[in-house]
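J.: According to the numbering used here, the stretch in the sequence shown is residues 118 to 413, in order.
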Amino acid sequence: MSGAKDSETFGRRLREAVRARGPLVVGVDPHETLLRDWGLADDPAGLRSFSLRVLEACAEHACALKPQSAFFERHGAAGIDALEELLALARERGLLTVLDVKRGDIGSTMAGYADAYLRPGAPLEADAITLSPYLGFGSLAPALELAAEHGKGVFVLALTSNPDGPEVQHAVTAEGTAIARAVAESAGERNLAELSATGAEDEHGWGSTGLVVGATVGAAPAELGIDLAATRAPLLAPGFGAQGAGPRERDEVFGPAAERVLVSISRGVLAAGPATAALEARTRELAAAYAVPSAG
118 MSGAKDSETF GRRLREAVRA RGPLVVGVDP HETLLRDWGL ADDPAGLRSF SLRVLEACAE
178 HACALKPQSA FFERHGAAGI DALEELLALA RERGLLTVLD VKRGDIGSTM AGYADAYLRP
238 GAPLEADAIT LSPYLGFGSL APALELAAEH GKGVFVLALT SNPDGPEVQH AVTAEGTAIA
298 RAVAESAGER NLAELSATGA EDEHGWGSTG LVVGATVGAA PAELGIDLAA TRAPLLAPGF
358 GAQGAGPRER DEVFGPAAER VLVSISRGVL AAGPATAALE ARTRELAAAY AVPSAG
């Protein structure tokens with residue numbers, strides 16, 4: 118498998134970030150209500166102030182930031198400018214970014230999305246993006262290949278925390294396999310190939326093709342026959358904090374894969390604002406609460 122050397126892979130960089138700062142991923146979700154609660158205008162200037170405060174507060178205690186692109190896009194070009202600035206400043210601080218865009222298309226369109234977010238030097242360059250595989254896992258190939266080439270990562274939707282997710286994710290293929298399981302196994306195949314090519318085949322290696330698996334999905338992975346540990350995927354897990362999941366759910370839902378869970382929290386951190394000191398204290402508190410004995 119072509120791609121970056123082990124020292125340059127996203128999986129390796131992410132694993133090191135989790136070891137250094139813990140598994141907390143802070144969502145940057147500047148929706149209208151939250152901006153108002155922070156005393157900020159719902160405009161590009163408000164977005165910029167919001168984003169920079171979150172970055173400043175979280176840079177030392179989170180392994181990554183996860184900006185939700187939609188809240189920036191709704192402000193047009195000026196909102197995208199604010200997102201570009203946030204991504205660039207996080208990169209300068211050495212903080213990984215997962216841009217939540219959930220892109221999923223085919224052919225040259227998928228290649229265009231990949232180029233927009235995963236190409237080094239692109240205005241919206243991030244370390245990883247979220248992808249939707251529901252036009253077929255193979256449709257993601259342009260993004261997967263560009264990510265591998267440049268040491269970037271992706272997180273593919275597998276078992277999401279929204280209540281309507283099972284309508285598609287639990288459905289079965291013509292071969293009788295749950296779609297979520299097929300997605301997870303496809304990601305696992307890529308990760309095993311990457312780890313083999315980079316000489317990181319030991320049991321603690323992290324691949325660069327991650328999965329989005331909600332912390333509130335209960336026994337679904339086991340019921341669908343999904344061996345999350347075998348995928349070697351980092352697991353971006355929404356559902357913690359305001360949605361009800363905590364450290365116990367991490368252990369119960371993810372089992373042997375719990376050390377690769379990225380605890381994604383937005384409201385649970387952002388509600389502590391607008392003061393930077395309060396945001397930093399909440400981030401430090403949550404990072405400690407979700408610390409694991411070993412990050413693998």
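Beta carbons are placed, not taken as given, at the ideal position from N, Cα and C, and that holds for glycine. Remember, it's a predicted structure, so these values are computed and weren't measured experimentally.
Suppose the cutoff is 7 Å on Cβ atoms and the five residues either side in sequence are ignored; what does the same chain contact list for Pro351 look like?
T.: Position 234 of the sequence shown, counted from the start, is the residue given in the question as residue 351. When the five nearest sequence neighbours on each side are left out, the beta carbons in the same chain lying within less than 7 Å of the beta carbon of Pro351 are those of Gly128, Leu131, Trp323, Gly327, Arg377, Leu379, in order along the chain.
J.: What does DSSP give as the partner residues of Val356 in its beta bridges?
T.: The residue given as residue 356 occupies position 239 in the sequence shown. Note that residue 356 corresponds to Gly in the displayed sequence, not to Val. BP columns for Gly356 are empty, so no partner.
J.: Put Arg220 into one of helix, strand or coil per three-state DSSP.
T.: For this step, residue 220 is matched to residue 103 along the sequence shown. Strand.
J.: Going straight from the alpha carbon of Thr214 to that of Ala179, what length do you get?
T.: Position 97 of the sequence shown holds residue 214. Position 62 of the sequence shown holds residue 179. Cα-Cα distance, rounded: 10 Å.
J.: Where in the stretch 325 to 377 do unbroken runs of the beta strand (DSSP E), each at least 3 residues long, occur, reported from the N-terminal end onward?
T.: DSSP runs (the beta strand (DSSP E)) wholly in the stretch 325 to 377: 326 to 330, 352 to 354.
J.: Please list the terminal residues of the continuous alpha helix (DSSP H) segment that includes Ala301.
T.: Counting from one through the sequence shown, the residue named residue 301 turns up at place 184. Counting along the chain, the alpha helix (DSSP H) containing Ala301 begins and ends at 296 to 314.
J.: What does DSSP give as the partner residue(s) for Thr150 in the beta ladder?
T.: Numbered from its first residue, the sequence shown carries residue 150 at position 33. Its beta-bridge partners do not exist; DSSP assigns none.
J.: Roughly how many angstroms lie between the CA atoms of Gly221 and Leu206, to the nearest whole one?
T.: As a position in the sequence shown, residue 221 is number 104, starting the count at 1. As a position in the sequence shown, residue 206 is number 89, starting the count at 1. Rounded to the nearest angstrom, the two C-alpha atoms are 27 Å apart.
J.: Please decide whether Leu172 counts as near chain B, where near means a Cβ-Cβ distance under 8 Å.
T.: No chain B is part of this structure, which consists of one protein chain only.
J.: Per DSSP, which residues does Pro184 bridge with? Please list them.
T.: Position 67 of the sequence shown, counting from 1, holds the residue named residue 184. According to DSSP, which records beta bridges pairwise, Pro184 is partnered with Val145.
J.: Who pairs with Val135 in a beta bridge, going by DSSP?
T.: By one-based count along the sequence shown, residue 135 stands at place 18. In DSSP, Val135 forms no bridge with anything.
J.: Check whether the stretch 135 to 149 and the stretch 331 to 343 touch, using three or more Cβ-Cβ pairs below 8 Å as the test.
T.: no
J.: Which value, in whole angstroms, describes the spacing of the CA atoms of Leu172 and Ser303?
T.: For the purposes of this step, residue 172 is taken as the residue at position 55 of the sequence shown. For the purposes of this step, residue 303 is taken as the residue at position 186 of the sequence shown. Answer to the nearest angstrom: the Cα atoms are 34 Å apart.
J.: Ends of the alpha helix (DSSP H) at Leu393?
T.: In the sequence shown, residue 393 corresponds to position 276, counting from 1. Before going on, a small fix: residue 393 reads as Thr here, not Leu. Thr393 -> alpha helix (DSSP H) spans 393 to 406.
J.: Just how far apart, CA to CA, sit Arg401 and Gly224?
T.: Here residue 401 corresponds to residue number 284 of the sequence shown, with the count starting at 1. Here residue 224 corresponds to residue number 107 of the sequence shown, with the count starting at 1. Roughly 42 Å between the two C-alpha positions.
J.: As a quick exercise: from Glu262, Ala162, Leu152, pick the residue whose alpha carbon is nearest that of Thr126.
T.: Position 9 of the sequence shown, counted from the first residue, corresponds to residue 126. Cα-wise, what sits closest to Thr126 is Glu262.
J.: Would you report the Cα separation of Lys122 and Ala265, rounded to the nearest angstrom?
T.: As a working note, residue 122 is residue 5 in the sequence shown. As a working note, residue 265 is residue 148 in the sequence shown. The pLDDT assigned to Lys122 is 46, lower than 50, so where the model puts this residue is not dependable, and the model offers no usable value.
J.: What separation, rounded to the nearest whole angstrom, lies between the Cα atoms of Tyr251 and Leu204?
T.: Walking along the sequence shown from the start, residue 251 turns up at place 134. Walking along the sequence shown from the start, residue 204 turns up at place 87. The straight-line gap from Cα to Cα measures roughly 27 Å.
J.: What does a CB cutoff of less than 7 Å around Ala233 pick up in its chain, not counting 5 residues either side in sequence?
T.: Within the sequence shown, numbered from 1, the residue matching residue 233 stands at position 116. For Ala233, where only same-chain residues beyond five positions count, the Cβ hits under 7 Å are Ala239, Leu241.
J.: Once the 5 residues before and after Ala354 are set aside, which same chain residues still bring their CB inside 7 Å of it?
T.: Your numbering for residue 354 matches position 237 in the sequence shown. Val330, Gly331, Ala332, Val378, Leu379, Val380, Ser381, listed in sequence order.
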